[in-house]
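Worksheet: the structure to be examined is printed underneath.
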Amino acid sequence: MKRIMVTGALGQIGSELIATLRGRYGRDQVVGTDIRMPIGSDPRATGPFELLDVLDPNHLTRVMQIYDIGTIYHLAAILSAVGESQPNQAWRINVNGLYNVLEAARYYRCQVFFPSSIGVFGPTTPRDYTPQDTVQRPETMYGVTKLTGELLCDYYHRRFDIDTRGLRFPGLISYKTDPGGGTTDYAVEIFYAAVRHSRYTCYLRPDTSLDMMYMPDAIRAMIELMQADPARLRHRNAFNLAAMAFTPEQLAAAIRRRIADFEISYRVDPARQTIADSWPNCMDDSAARAEWGWRPEYDLERMVDDMLEHVAERADEPHDSTSRARRGS
Ligand code: NAD
Ligand code: AKB
224 MKRIMVTGAL GQIGSELIAT LRGRYGRDQV VGTDIRMPIG SDPRATGPFE LLDVLDPNHL
284 TRVMQIYDIG TIYHLAAILS AVGESQPNQA WRINVNGLYN VLEAARYYRC QVFFPSSIGV
344 FGPTTPRDYT PQDTVQRPET MYGVTKLTGE LLCDYYHRRF DIDTRGLRFP GLISYKTDPG
404 GGTTDYAVEI FYAAVRHSRY TCYLRPDTSL DMMYMPDAIR AMIELMQADP ARLRHRNAFN
464 LAAMAFTPEQ LAAAIRRRIA DFEISYRVDP ARQTIADSWP NCMDDSAARA EWGWRPEYDL
524 ERMVDDMLEH VAERADEPHD STSRARRGS
């Protein structure tokens, strides 16, 4: 069996994806790659791992040849908040990096997974139950790069018959690896702040509704889409994907039902608020449900129970609850 390669494997999604893929297909079948290396007893180091910059096409193809890669989960990217402060870098990594991956996939005839985002929509898109096929005029560099990615993946499928598939992820919530500088990171930070200090200062307005998803659903969705019968896929790049939509005040209320003295206050960051205001309140994911049987397992209540349990277990570990967006790393 040809091997699977994951780019950006040390990020929020990649860290959990390589563990799941290795559990399913075997440790040596999954090659993690990133511009950083896992260190010490990091579980992500238990299996093949290569230092790889997706902006280096020669190194990319060499790694693919050495490991006989048949499938690429291309996760390396810059997220929305960091992307707005470094638009040039966001374009280079998100677009040129994807282009290098698609060219390599064309050469080695690989299947490619591309993660798109709710960021591909903009203020002129219908905000409620955003349709699968609708207006896409994003106003962030992140959105521009993700929309370009969707189009490039469609093109490589149509023109070169590459099996490209993609999902428009909502904000992802997880406890194993910190989020990487997005607009939705508050929905992770809030749990650490609640468990440690019983209070959180949120950078979005209390009524800002956004789609969110718990990481186990996101990982399952990626693998299910990649295994789906291609004859049933009308959209490929990329499917709207939904599980729950909530505002900061609704999430805070759900946490308060479990931590009675939890308090939330608000100090709005205009940059991230502007991004959030341009994204949908909630998406219609009926195409994913119809074409490959998508069903989320975690709603708000179940996600909050699970997050609080696991974040409490990690309460003694060092953790910087400010997101990478604010830290700029
Ligand atoms: P992340 O920021 O946590 O991880 C990205 C990884 O890419 C990092 O480990 C980083 O070191 C690596 N990277 C950066 N530049 C690189 C380069 N030039 N070459 C190789 N690796 C490089 O991101 P994530 O949250 O894991 O997101 C993965 C993908 O999913 C991204 O494309 C993102 O746009 C998309 N996505 C994420 C979310 C979310 O909420 N996490 C939502 C929608 C879409
Ligand atoms: C971000 O906020 O940038 C990501 C995303 C929704 O794409 N979480």
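No gaps in the numbering here: position 127 of the sequence shown is 350 in my numbering, and each next residue is one more.
Ideal Cβ placement from N, Cα and C applies to all residues, glycine included.
This structure is a prediction, so every number in the text was calculated from the model and none was measured.
Gln252 sits in a helix when the DSSP states are folded into three classes. Just so you know, the alpha carbons of Gly372 and Pro393 end up roughly 16 Å apart. In terms of Cβ geometry, Lys225 and Ile295 do not form a close pair [threshold 8 Å].
Residue burial annotation: Arg332 is exposed, with fewer than 16 other C-beta atoms found within 10 angstroms of its C-beta.
Where Val418 is concerned, the enclosing alpha helix (DSSP H) starts and stops at 409–420. The ligand NAD has a heavy atom closer than 7 Å to the beta-carbon of Ile258. In this chain, Leu275 is not harboured by any alpha helix (DSSP H), its DSSP state being neither H nor E. Within 7 Å of the C-beta of Leu278 there is at least one heavy atom belonging to the ligand NAD. The Cβ-Cβ distance between Arg518 and Arg525 does not fall below 8 Å. Per DSSP, the unbroken alpha helix (DSSP H) holding His380 starts and ends at 364–383. With a beta-carbon spacing of about 15 Å, Leu283 and Arg315 fall beyond the 8 Å limit used to define contacts.
Residue environment for Gln235: buried (at least 16 other C-beta atoms within 10 angstroms of its C-beta).
The ligand NAD never approaches Ser421 closely enough for any of its heavy atoms to be under 7 Å from the residue's Cβ. Here Ile241 is near Gly255, since their CB atoms are less than 8 Å apart. Uninterrupted alpha helix (DSSP H) stretches at least 4 residues long and entirely within the segment 266–328 occur at 280–290, 303–308, 310–314, given in chain order. Taking the Cβ of Gly394 as the reference point, at least one heavy atom of the ligand AKB falls within a distance shorter than 7 Å. At least one heavy atom of the ligand AKB lies closer than 7 Å to the C-beta of Thr407. DSSP links Met467 through a beta bridge to Met435. Nearest Cα to Phe383 within the set Val527, Val335, Val411, His533: Val335. For Met228, the uninterrupted beta strand (DSSP E) run begins and ends at 226–230, by DSSP. The residue among Ala454, Tyr423, Leu464, Leu456 with its C-alpha nearest the C-alpha of Arg443 is Leu464. By the beta-carbon neighbour count (other beta carbons within 10 angstroms, threshold 16), Val358 is exposed. Following the DSSP letters along the chain, one finds Ser509 in no beta strand (DSSP E) but inside the alpha helix (DSSP H) bounded by residues 509–515. The beta carbon of Ile258 is closer than 6 Å to those of Asp276 in its chain, skipping five residues each way along the sequence.
Inter-residue distance for Gln312 and Ile301 is about 8 Å (C-alpha atoms, whole angstroms).
Sequence-distant partners of Glu514 (beyond 5 residues in either direction) whose C-beta falls short of 8 Å from its own C-beta, in its chain, are Ala451, Arg455, Leu456, Arg457, His458, Phe462. At least one heavy atom of the ligand NAD falls within 7 Å of the beta-carbon of Thr230.
If only uninterrupted beta strand (DSSP E) runs of at least 3 residues are considered, those enclosed by the segment 476–509 are 486–489.
Taking C-alpha positions only, Tyr409 is separated from Asp508 by approximately 24 Å. Of Ala328, Leu375, Glu307, the smallest CA-CA separation from Ser339 is found for Leu375. Residue range 334–340 is occupied by the beta strand (DSSP E) that includes Val335, with no alpha helix (DSSP H) assigned at that position.
C-alpha of Pro266 to C-alpha of Asn319: approximately 30 Å in a straight line.
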